[in-house]
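In structure tokens:
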């Protein structure tokens, strides 16, 4: 048989772990009726990321007169114009995923000493300041600048749900400073007192109409900065991605009590019939790379393999909003295609940044329409005063683009038929593709696998209802389980396969790795859509593979070059194979065959993930069949509770 399947190969710099989120399909794709009460939200991370406030009005504890003022007409006009644009969308609320202020207030100690005692130099402050002095400095500065920040929103009737950014904890350079580490908890407490406690400690207070507090962690250092809000038919989860370790150092992660709370909250939401959508916001990106400008490019430890991201995958989260990078990048999770990461936002006043964006979302029942809007600007003039950052490169004059706000992309997320579909993707969203099909099953491989180097049985959560998988196994080869960074690997050298075009003679039927999937229930068949698998090699060398798929005696082959366009080694390669050309059947066998021309046997292959997508289809009873031409098989999607 000829190669009927066409693979797509692309290089990935990170592994892609996956658990199943079972999606139900109905007999046909239905158009959802318009909701009687659509509503709008806006997201704008990193607004303002600068301390903007009129210090001539400062009425808190005063120590020294500032040498400048952290506002002027140009900055007030720029910030006001941007917020007026957001207000014109008439959103129910605004989400801000961190970096509301500059907050390098620790530097005020040797700059002007506006908010606490001034020291002659950094060294003088290090030697003679105290934890109490530095904590008071944070409290005084945050009261002033958070107050000015909030006033811009409240004066426009805009409720805010904000997340902690690194600037809300003193900005990451301060974490290398002894007093900086000592004040992280104070920074966090101040953020909570201004932006979270008003509605967590007083239920309903300052929440947007239609919102209610859903949950928050009961303990841990994030108990007052992580929270979940239910707004109408949507759950909004805000996480604090910064953890202070026992030695005072900082990690970018969601772990411990906060991770446990997140998992429980998302599990509860999954069983809540009143929740149609789940949105999560945190300050840093998880999936990389992403575009960035004027950023320290902090990112989540562990990336796509982090427990945090796996938790979002498991729960069927719609998208994750983050800032930090001051630019726009939309990334689609390779393993769970319905999960998006939307990095966006921006900052005024820095070069080479030249625009600032916000995301508008309109929720209409089970449909969300997203639109990214951008406002261009240029900067000029002298230095814009910052009390805690005397060497700032901020400019004091901002000139807004005369063209005003511009739409730079849109996307429709439609879940009205029980399965996420991405429609009408344009602009910055144009790379988003609609998920192919529900996931039937997933094999994940790690050091806890069996002696063959493979996890032999998928966990219960990895298999869709109505599908049954055999253990993933190897035949005629000897997998290896040892070696740094290589788990579930096997020697590729010596595997059968001649050079040139592959065919039935180029593989040994007794030497392969693979698995079998079957329809578990009588009267059902499998309608396959996609197979994706990730490989890794430890050394360079030409390597080829053959995938053989068999069903009821029908056999098809596809040949793939694992490293055709990759001049590298020890990286992950994701291969996706379109299976839509296969006829539905009660079972399918998948076998992988490989060859390696490296006669030394020094090259090893590692299998990371295998994901099979498709549907379980029900064959109707004969009495329910329409009159069809002979030989026609009528299928309908099997709906399961």
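Numbering (our numbering), first residue to last: 170 to 810.
Even glycine gets a Cβ: it sits at the ideal position worked out from N, Cα and C.
Just so we're clear, the structure is a prediction, and the values are computed from it rather than from any experiment.
Note to self: Could you check whether the region 482–490 touches the region 429–443, counting it as contact only if at least three pairs of C-beta atoms, one from each stretch, sit closer than 8 Å?
What the structure shows: Counting Cβ pairs under 8 Å, three or more are found: they touch.
Item checked: Inter-residue CB distance, residue 406 and residue 369 (contact presumed, cutoff 8 Å) -> Counting from 1 along the chain shown, the entry for residue 406 is found at position 237. Counting from 1 along the chain shown, the entry for residue 369 is found at position 200. In fact, because the Cβ distance is near 14 Å, the residues do not count as touching under 8 Å.
Check: Going by the CB atoms, is the gap between residue 477 and residue 424 shorter than 9 Å?
Finding: Numbered from 1 along the chain shown, position 255 holds the residue referred to as residue 424. Numbered from 1 along the chain shown, position 308 holds the residue referred to as residue 477. Going by C-beta atoms, residue 424 is nearer than 9 Å to residue 477.
Item checked: Segment contact flag, the region 450–463 with the region 223–234, C-beta cutoff 8 Å, min 3 pairs -> No: the two stretches stay apart, fewer than three of their Cβ pairs being nearer than 8 Å.
Next item on the list: Can you tell me which of 525, 519, 589 and 548 puts its alpha carbon nearest to the alpha carbon of residue 536?
Entry: On the chain shown, position 367 is the one that residue 536 refers to. Of the listed residues, the one whose Cα sits closest to residue 536 is 589.
Check: Are three or more beta carbon pairs between the region 466–477 and the region 570–581 nearer than 8 Å?
Finding: Verdict: no, contact absent.
Checklist line | At least 3 beta-carbon pairs within less than 8 Å: the region 213–220 vs the region 506–523 | finding: Touching, yes.
Next item on the list: Would you mind reading off the limits of the alpha helix (DSSP H) that contains residue 751?
Entry: Taking the chain shown and counting its residues from 1, one reaches residue 751 at position 582. Boundaries for residue 751: no alpha helix (DSSP H) harbours it, and the DSSP string shows neither H nor E there.
Next item on the list: Check residue 255 in the structure and name its three-state DSSP category.
Entry: If you number the chain shown from 1, residue 255 lands on position 86. In this structure, DSSP gives residue 255 a helical state, which the three-state scheme calls helix.
Notebook entry, point to check: Who are the Cβ neighbours of residue 779 in its own chain at under 6 Å, not counting the five residues just before and after it?
Noted result: Residue mapping note: residue 779 aligns to position 610 of the chain shown, counting from 1. Contacts found: 612 and 702.
Next item on the list: My understanding is that residue 557 touches residue 280, with C-beta atoms under 8 Å, so please give their C-beta distance in whole angstroms.
Entry: The residue given as residue 557 occupies position 388 in the chain shown. The residue given as residue 280 occupies position 111 in the chain shown. Indeed they touch by this definition, with Cβ atoms about 7 Å apart.
Check: Going by DSSP, which residues form a beta bridge with residue 491?
Finding: Residue mapping note: residue 491 aligns to position 322 of the chain shown, counting from 1. Answer is 512.
Check: Relative to the C-alpha of residue 544, which residue among 553, 564 and 497 is closest?
Finding: Looking up residue 544 in the chain shown gives position 375. When only C-alpha atoms are compared, the closest one is 497.
Check: Closest to residue 604 by CA distance: which of 684, 747, 555 and 640 is it?
Finding: The sequence position of residue 604 within the chain shown is 435, counting from 1. Closest by alpha carbon: 747.
Notebook entry, point to check: Quick one: Cα of residue 564 to Cα of residue 271, how far?
Noted result: Within the chain shown, the letter at position 395 stands for residue 564. Within the chain shown, the letter at position 102 stands for residue 271. If you draw a straight line from the Cα of residue 564 to the Cα of residue 271, it is about 14 Å long.
Next item on the list: Could you pull the start and end residues of the beta strand (DSSP E) that residue 583 belongs to?
Entry: For the purposes of this step, residue 583 is identified with residue 414 of the chain shown, where counting begins at 1. Looking at the DSSP string, the run of the beta strand (DSSP E) that includes residue 583 is 564–583.
Notebook entry, point to check: Nearest to residue 490 by CA position, among 786, 212, 206 and 781, is which residue?
Noted result: One-based indexing of the chain shown puts residue 490 at position 321. Considering only alpha carbons, the answer is 212.
Item checked: Three-state secondary structure (DSSP) of residue 598 -> Taking the first residue of the chain shown as position 1, residue 598 is located at position 429. Reduced to three states, the DSSP call for residue 598 is coil.
Item checked: Local Cβ density within 10 Å of residue 443, reported as buried at 16 or more and exposed below that -> Working through the chain shown from its first residue, we reach residue 443 at position 274. By the neighbour-count rule (16 or more Cβ atoms within 10 Å), residue 443 is not buried but exposed.
Check: Helix, strand or coil for residue 452 per DSSP?
Finding: Numbered from its first residue, the chain shown carries residue 452 at position 283. Coil at residue 452, not helix or strand.
Next item on the list: Can you give me the start and stop residues for the beta strand (DSSP E) that residue 444 sits inside?
Entry: To locate residue 444, count along the chain shown from 1; it is residue 275. Under the DSSP assignment, residue 444 falls outside any beta strand (DSSP E); it carries neither an H nor an E label.
Notebook entry, point to check: Which value, in whole angstroms, describes the spacing of the CA atoms of residue 749 and residue 531?
Noted result: Taking the chain shown and counting its residues from 1, the one referred to as residue 749 is at position 580. Taking the chain shown and counting its residues from 1, the one referred to as residue 531 is at position 362. Rounded to the nearest whole angstrom, the CA to CA distance from residue 749 to residue 531 is 33 Å.
Notebook entry, point to check: Can you give the beta carbon distance from residue 331 to residue 265, rounded, assuming they're within the 8 Å contact cut?
Noted result: Along the chain shown, one-based indexing puts residue 331 at 162. Along the chain shown, one-based indexing puts residue 265 at 96. Cβ atoms of residue 331 and residue 265 come within 8 Å of each other, at about 4 Å.
Checklist line | Three-way DSSP call (helix, strand, coil) for residue 298 in this model | finding: In the chain shown, counting from the first residue as 1, residue 298 sits at position 129. Note: residue 298 maps to coil in three-state DSSP.
Margin query: Quick test of your reading: residue 511 and residue 499, contact by CB under 8 Å. State the CB separation rounded to the nearest angstrom.
Written below: The residue you call residue 511 lines up with position 342 of the chain shown. The residue you call residue 499 lines up with position 330 of the chain shown. Going by Cβ atoms, the distance from residue 511 to residue 499 rounds to 6 Å, so yes, they are a contact pair.
Note to self: Please list the terminal residues of the continuous beta strand (DSSP E) segment that includes residue 349.
What the structure shows: If you number the chain shown from 1, residue 349 lands on position 180. It is not in any beta strand (DSSP E) - residue 349 instead sits in the alpha helix (DSSP H) that spans 347–351.
Notebook entry, point to check: Which of helix, strand or coil does DSSP assign to residue 391?
Noted result: As a first step, residue 391 is located in the chain shown; it is residue number 222 there, counting from the start. Shown here, residue 391 sits in coil according to DSSP, grouped into three states, outside any helix or strand.
Notebook entry, point to check: In chain order, which alpha helix (DSSP H) runs of at least 4 residues are fully inside the region 271–325?
Noted result: The qualifying runs are 291–297 and 300–323.
Margin query: Relative to the C-alpha of residue 686, which candidate in 256, 715, 638 and 704 has its C-alpha closest?
Written below: In the chain shown, residue 686 corresponds to position 517, counting from 1. The shortest C-alpha to C-alpha distance from residue 686 to any of 256, 715, 638 and 704 is the one to 638.
Margin query: So, with DSSP's three-state summary, where would you put residue 538?
Written below: The residue given as residue 538 occupies position 369 in the chain shown. In the structure shown, residue 538 sits in a strand (DSSP, three-state: E or B).
Check: Rounded to whole angstroms, how far is the Cβ of residue 404 from the Cβ of residue 480, which I believe are closer than 8 Å?
Finding: For this step, residue 404 is matched to residue 235 along the chain shown. For this step, residue 480 is matched to residue 311 along the chain shown. Going by Cβ atoms, the distance from residue 404 to residue 480 rounds to 14 Å, so no, they are not a contact pair.
Margin query: Check for me: the alpha helix (DSSP H) holding residue 344 runs from which residue to which?
Written below: Here residue 344 corresponds to residue number 175 of the chain shown, with the count starting at 1. It is not in any alpha helix (DSSP H) - residue 344 carries neither H nor E in the DSSP assignment.
Check: How would you call residue 246, buried or exposed, if buried means at least 16 neighbouring beta carbons within 10 angstroms?
Finding: Residue 246 sits at position 77 when you count from the first residue of the chain shown. By the neighbour-count rule (16 or more Cβ atoms within 10 Å), residue 246 is not buried but exposed.
Check: When we look at the beta-carbon of residue 599 and count the other beta-carbons within 10 Å, is it buried (16 or more) or exposed?
Finding: Position 430 of the chain shown, counting from 1, holds the residue named residue 599. Flag for residue 599 reads exposed.
Notebook entry, point to check: Which one of 762, 467, 542 and 715 has the shortest CA to CA distance from residue 342?
Noted result: As a working mapping, residue 342 is identified with position 173 in the chain shown. Of 762, 467, 542 and 715, the smallest CA-CA separation from residue 342 is found for 467.
Check: Leaving out the 5 sequence neighbours to the left and right, which residues in its chain are closer than 6 Å to residue 609 when beta-carbon positions are compared?
Finding: Here residue 609 refers to the residue found at position 440 of the chain shown. Sequence-distant Cβ neighbours of residue 609 in its own chain, meaning closer than 6 Å and more than five residues away, are 633, 636, 781 and 783.
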